[in-house]
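J.: Going by our numbering, the sequence shown wraps up at 147, each residue one higher than the last.
Every residue gets a Cβ at the ideal spot worked out from N, C-alpha and C, and that includes glycine.
Let me begin by handing over the structure; questions about it come next.
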Amino acid sequence: MQPGGRDRDGRSGTILLVEDSDVVRDVIANLLEGGGLTVLQASGGEEALALSRRGDATIDLLLTDIVMPEMSGVELADRLERERPDMRILFMTGYAEEAVVNKGILGKHRECIGKPFTREQITKRVRKILFP
Numbered sequence: 016m017q018p019g020g021r022d023r024d025g026r027s028g029t030i031l032l033v034e035d036s037d038v039v040r041d042v043i044a045n046l047l048e049g050g051g052l053t054v055l056q057a058s059g060g061e062e063a064l065a066l067s068r069r070g071d072a073t074i075d076l077l078l079t080d081i082v083m084p085e086m087s088g089v090e091l092a093d094r095l096e097r098e099r100p101d102m103r104i105l106f107m108t109g110y111a112e113e114a115v116v117n118k119g120i121l122g123k124h125r126e127c128i129g130k131p132f133t134r135e136q137i138t139k140r141v142r143k144i145l146f147p
């Protein structure tokens, strides 16, 4: 990571990472922060909404698990999208990506990545979304 939270190309981005598993969330955050990105972490939908509404948070990408207790990643994305229409969304799922595509939740600014993924897969996908 370069000084000031930027990658080696001088680009920066802020990701709101929402994952109910502490271990999985920490691993993903470390992978992304190691690549020079800023990561805000939430363990569920309500915490993510609170972080987003703080007012001082810039969020370029919502990276959320689809299946979570209390509020699904899709519901969270729908709610945040109304407040931040330019925010990109990357869903994570342990289910087949085809099943997600067939549910019709993807579209403009919405993509999906299957779990498990490697460091290279997640960082490449996030960078492609943030820096097209």
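Along the chain, where does the beta strand (DSSP E) that runs through residue 93 open and close?
T.: Segment 88 to 98 is the alpha helix (DSSP H) holding residue 93; no beta strand (DSSP E) there.
J.: Could you give the residue range of the alpha helix (DSSP H) that holds residue 37?
T.: Counting along the chain, the alpha helix (DSSP H) containing residue 37 begins and ends at 37 to 49.
J.: Can you tell me whether residue 60 is helix, strand or coil according to DSSP?
T.: Of the three classes helix, strand and coil, the one that applies to residue 60 here is helix, per DSSP.
J.: Taking the CB atoms as reference points, tell me whether residue 3 and residue 73 lie closer together than 8 Å.
T.: Since the first residue shown for the chain is 16 and the last is 147, residue 3 is missing from the structure and cannot be characterised.
J.: Distance, Cα to Cα, residue 32 vs residue 40?
T.: Spanning the two alpha carbons is a distance of roughly 7 Å.
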